[in-house]
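Encoded as structure tokens, the structure appears first; notes follow it.
Protein chains in written order, with the working numbering: chain D, 876 to 1351; chain Y, 2 to 84.
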């Protein structure tokens, strides 16, 4: 059930009508049932995985808070993390690593016939396992009191607007809003509707039209001409942004109309002046998750290791930072999917971030507009790795960038789509950046707002792609 | 060289590190928002560690890097706990 489908419109209308008339506790139970129905509409069997993750983390959270002995606390945390990683490992990574292992030993002349599970990937698995794990870790770190009510906690794990593709919430934010009674003010409903509408436009007008440009280029066999590669990678950089930011906007909008504020997931990432800033603006809920639960603890542990601790400050910090960055970015890349191109995508960004920090005295002195343009192209290089079907394809495309254009240049239609979408998206992003917020429309007089809403509706009717193309991040 | 754990010494030490990392930035108001990147945050944590104040993830909150005042308060509080 996609947010931009008729089924979802009917589903949400029914849920919302009931939600508005029920008291707080009943609202939570309704949302839980709706969330399980929403998830079950993809594959009801995989609801068992959500229930397993929920039950284990609820039990571990209660146990950790009640336990006095540090060993018992860390043991329970280990059970929580191991369960979630086991779910993720089995359903997302097992077949990939089994195949990679067989390929590796095959290169040394050994034959192996690994056992493959051939399981369909449960949608949203990387999102809800990470969200659930963060709860246990926060309880362990004493930053969050454990949930008292199992059903409230179950709703925290399965809340349908963000269950499939985030934002990956924290217990410190979302759980509190679930437990406490919510006020649904008119402003929330209006802003929620605006966010949903803008996300809808991003998805059906921009992302799905750009997909018509991107897909044939990446589906074609090599060799690639430089113009095709440029067109493909520029279009994909816009497509993935509109697709994922569109989904996030819709999720945040739906939750907001119910009086629940989800965290911001995108803050004009393509206007970031450097790659480190890009990651503070792109998929914020995931990058901050890795910062809090992977990067920082690893860095703190590394800097105190024997051999590192005795180094001078700059070296101690530099060595710890470089190792931590490589590990964290590689894992962040692999989080996206079971493929070495995702790992390489992470390492590419680790190299770019490290390079920025050690050259920033020069980089930061350049005019801001040049920084933004250069950084956008640096990000595009990463998208080429990310979108390629395989590493050989990525290599062929990078080689294509340096070659001459092929005799058949890109079509005028494809160029027009890229140009129109690019100008529209960057204009809106620039406006939001100037106002320093996404809800800039609400500062404008009513007639202008209504005119823009009518214009957006015309855009949807005229150019909307209603092929029910799933969101890119659903595969993760 | 070990730095004495006083408010003034910490402010001077951290200001030096932050200004070294942020091109063209001069920190005049310790209560002003810092907007630090993770590289500088980790540098500050390493510097604090050299002053025998080791913050772990149970005690660390990234909101503590909001301003120099908040950061210095955190390090001093942590040093007190350690003693």
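Ideal placement from N, C-alpha and C gives every residue a C-beta, glycine not left out.
query: Of all the options D/1132, D/1088, D/1215, which has the alpha carbon lying nearest to the alpha carbon of residue 1059 of chain D?
result: Position 184 of the first chain, counted from the start, is the residue given in the question as residue 1059 of chain D. Nearest option by C-alpha distance: D/1132.
message: Considering only their Cβ atoms, is the gap separating residue 887 of chain D from residue 1129 of chain D smaller than 9 Å?
response: If you number the first chain from 1, residue 1129 of chain D lands on position 254. If you number the first chain from 1, residue 887 of chain D lands on position 12. Between residue 1129 of chain D and residue 887 of chain D, the C-beta spacing is below 9 Å.
message: Assess contact between the segment 1082-1100 of chain D and the segment 1145-1158 of chain D, defined as three or more Cβ pairs (one per stretch) separated by less than 8 Å. Is contact present?
response: no
Bridge-paired residues (DSSP) for residue 34 of chain Y: If you number the second chain from 1, residue 34 of chain Y lands on position 33. When beta bridges are read from the DSSP output, residue 34 of chain Y appears opposite Y/68.
- prompt: Where does residue 25 of chain Y land, buried or exposed, given buried means 16+ other C-beta within 10 angstroms?
  reply: Working through the second chain from its first residue, we reach residue 25 of chain Y at position 24. Flag for residue 25 of chain Y reads exposed.
- prompt: Roughly how many angstroms lie between the CA atoms of residue 973 of chain D and residue 1156 of chain D, to the nearest whole one?
  reply: The residue given as residue 973 of chain D occupies position 98 in the first chain. The residue given as residue 1156 of chain D occupies position 281 in the first chain. Whole-angstrom Cα-Cα distance: 35 Å.
field: Host alpha helix (DSSP H) of residue 13 of chain Y (start-end)
entry: As a first step, residue 13 of chain Y is located in the second chain; it is residue number 12 there, counting from the start. Counting along the chain, the alpha helix (DSSP H) containing residue 13 of chain Y begins and ends at 8-22.
query: In this structure, does DSSP put residue 1272 of chain D in helix, strand or coil?
result: Start at 1 with the first residue of the first chain, and residue 1272 of chain D comes out as number 397. It is helical.
Residue-level contact to chain Y via CB, residue 1152 of chain D, 9 Å cutoff: Stepping through the first chain from its first residue, residue 1152 of chain D is reached at position 277. For residue 1152 of chain D, the answer is yes, since a Cβ of chain Y falls inside 9 Å of its Cβ.
Under 7 Å by beta carbon: chain Y residues contacting residue 899 of chain D: Within the first chain, numbered from 1, the residue matching residue 899 of chain D stands at position 24. Ordered by position in chain Y, no residue passes the 7 Å Cβ test against residue 899 of chain D, which lies about 29 Å from the chain.
- prompt: By DSSP, does residue 1006 of chain D sit in helix, in strand, or in coil?
  reply: For the purposes of this step, residue 1006 of chain D is taken as the residue at position 131 of the first chain. The three-state reading of DSSP puts residue 1006 of chain D in helix, counting H, G and I together.
task: Answer with buried or exposed for residue 885 of chain D, where buried requires no fewer than 16 other C-beta atoms within 10 angstroms of its C-beta.
output: Locating residue 885 of chain D in the first chain gives position 10, counting from the first residue. Label assigned to residue 885 of chain D: exposed.
- prompt: In three-state DSSP terms, what is residue 955 of chain D?
  reply: Mapped onto the first chain, residue 955 of chain D falls at position 80. Of the three classes helix, strand and coil, the one that applies to residue 955 of chain D here is helix, per DSSP.
message: Can you pull the chain Y neighbours of residue 1175 of chain D, defined as C-beta to C-beta under 9 Å?
response: Against the first chain, residue 1175 of chain D aligns to sequence position 300. Correct list: 43, 46, 50, 55, 56, 57, 58, 61.
- request: Mark residue 1004 of chain D as exposed unless 16 or more other C-beta atoms lie within 10 angstroms of its C-beta, in which case mark it buried.
  value: As a first step, residue 1004 of chain D must be located in the first chain, where it is residue number 129. Buried.
- request: Count the other C-beta atoms from every protein chain shown that fall within 10 angstroms of the C-beta of residue 1037 of chain D, then say buried if there are 16 or more, exposed otherwise.
  value: As a working mapping, residue 1037 of chain D is identified with position 162 in the first chain. By the 10 Å Cβ count, residue 1037 of chain D comes out buried.
query: So which residues on chain D does residue 68 of chain Y lean against when the C-beta distance must stay under 7 Å?
result: Counting from one through the second chain, the residue named residue 68 of chain Y turns up at place 67. Per Cβ cutoff of 7 Å: no residues; residue 68 of chain Y is ~18 Å from chain D at best.
message: With H, G and I counted as helix, E and B as strand and the rest as coil, what does DSSP make of residue 884 of chain D?
response: The residue you call residue 884 of chain D lines up with position 9 of the first chain. Correct three-state label for residue 884 of chain D: helix.
- request: Would you please verify whether the beta carbon of residue 1235 of chain D is less than 9 Å from any beta carbon of chain Y?
  value: The count along the first chain starts at 1 and reaches residue 1235 of chain D at position 360. Yes, because at least one Cβ of chain Y sits closer than 9 Å to the Cβ of residue 1235 of chain D.
task: Compile a chain-ordered list of the residues in the segment 18-42 of chain Y whose CB is closer than 7 Å to at least one CB of chain D.
output: 24, 38, 39, 40
- prompt: Do you know how far the Cα of residue 12 of chain Y is from the Cα of residue 999 of chain D?
  reply: What you label residue 999 of chain D is simply residue 124 of the first chain in a count that begins at 1. What you label residue 12 of chain Y is simply residue 11 of the second chain in a count that begins at 1. Distance between the alpha carbons of residue 999 of chain D and residue 12 of chain Y: 45 Å.
task: Take every Cβ of the segment 1015-1022 of chain D, pair it with every Cβ of the segment 928-945 of chain D, and state whether three or more of those distances are shorter than 8 Å.
output: yes
field: Whole runs of the alpha helix (DSSP H) within the segment 909-959 of chain D, excluding any shorter than 4 residues
entry: 922-941
query: How long is the line joining the alpha carbons of residue 1217 of chain D and residue 969 of chain D, rounded to whole angstroms?
result: On the first chain, residue 1217 of chain D is found 342 positions in, with the first residue counted as 1. On the first chain, residue 969 of chain D is found 94 positions in, with the first residue counted as 1. About 16 Å.
task: Rounded to whole angstroms, what's the CA-CA distance from residue 14 of chain Y to residue 79 of chain Y? Just pull it up for me.
output: Taking the second chain and counting its residues from 1, the one referred to as residue 14 of chain Y is at position 13. Taking the second chain and counting its residues from 1, the one referred to as residue 79 of chain Y is at position 78. Using only the alpha carbons, I get a separation of about 17 Å.
- prompt: How is residue 963 of chain D classed by DSSP in three states: helix, strand or coil?
  reply: For the purposes of this step, residue 963 of chain D is taken as residue 88 along the first chain, with counting starting at 1. Helix.
query: Would you call the CB atoms of residue 1075 of chain D and residue 1116 of chain D closer than 9 Å?
result: Along the first chain, one-based indexing puts residue 1075 of chain D at 200. Along the first chain, one-based indexing puts residue 1116 of chain D at 241. Not in contact: residue 1075 of chain D and residue 1116 of chain D (Cβ atoms no closer than 9 Å).
- prompt: So residue 1223 of chain D is in the alpha helix (DSSP H); what residue range does that whole segment cover?
  reply: In the first chain, residue 1223 of chain D corresponds to position 348, counting from 1. Here the alpha helix (DSSP H) through residue 1223 of chain D covers 1215-1238.
Residues near residue 1260 of chain D by beta carbon distance below 7 Å, same chain, minus five either side: For the purposes of this step, residue 1260 of chain D is taken as the residue at position 385 of the first chain. Cβ neighbours of residue 1260 of chain D beyond the five flanking positions: 1216, 1219, 1220, 1223, 1269.
message: Using C-beta distances below 8 Å, list every residue in its chain close to residue 54 of chain Y, excluding the 5 sequence neighbours before and after it, in chain order.
response: Here the question's residue 54 of chain Y lines up with position 53 in the second chain. Excluding sequence neighbours, residue 54 of chain Y sits near 6, 76, 79, 80, 83.
message: Please classify residue 1144 of chain D as buried or exposed, where buried requires at least 16 other C-beta atoms within 10 Å of its C-beta.
response: One-based indexing of the first chain puts residue 1144 of chain D at position 269. Burial of residue 1144 of chain D is indicated by the presence of at least 16 other C-beta atoms within 10 angstroms of its C-beta.
C-beta neighbour in chain Y for residue 982 of chain D, strict 9 Å: Here residue 982 of chain D corresponds to residue number 107 of the first chain, with the count starting at 1. Not an interface residue.
- prompt: Going by the beta-carbon positions, is the gap between residue 1192 of chain D and residue 44 of chain Y smaller than 9 Å?
  reply: Taking the first chain and counting its residues from 1, one reaches residue 1192 of chain D at position 317. Taking the second chain and counting its residues from 1, one reaches residue 44 of chain Y at position 43. Contact flag set, yes.
7 Å CB neighbourhood of residue 68 of chain Y in its chain, flanking five on each side removed: Here the question's residue 68 of chain Y lines up with position 67 in the second chain. Sequence-distant Cβ neighbours of residue 68 of chain Y in its own chain, meaning closer than 7 Å and more than five residues away, are 31, 32, 33, 34, 35.
- request: Measure the C-alpha to C-alpha separation of residue 1287 of chain D and residue 1048 of chain D and round it to an integer number of angstroms.
  value: Counting from 1 along the first chain, the entry for residue 1287 of chain D is found at position 412. Counting from 1 along the first chain, the entry for residue 1048 of chain D is found at position 173. Going from the Cα of residue 1287 of chain D to the Cα of residue 1048 of chain D covers about 47 Å.
message: I want to verify the contact list: residues of chain Y whose CB lies under 8 Å from the CB of residue 1179 of chain D, in sequence order.
response: Indexing the first chain from 1 puts residue 1179 of chain D at position 304. Near residue 1179 of chain D (Cβ distances below 8 Å), the residues of chain Y are 50, 55.
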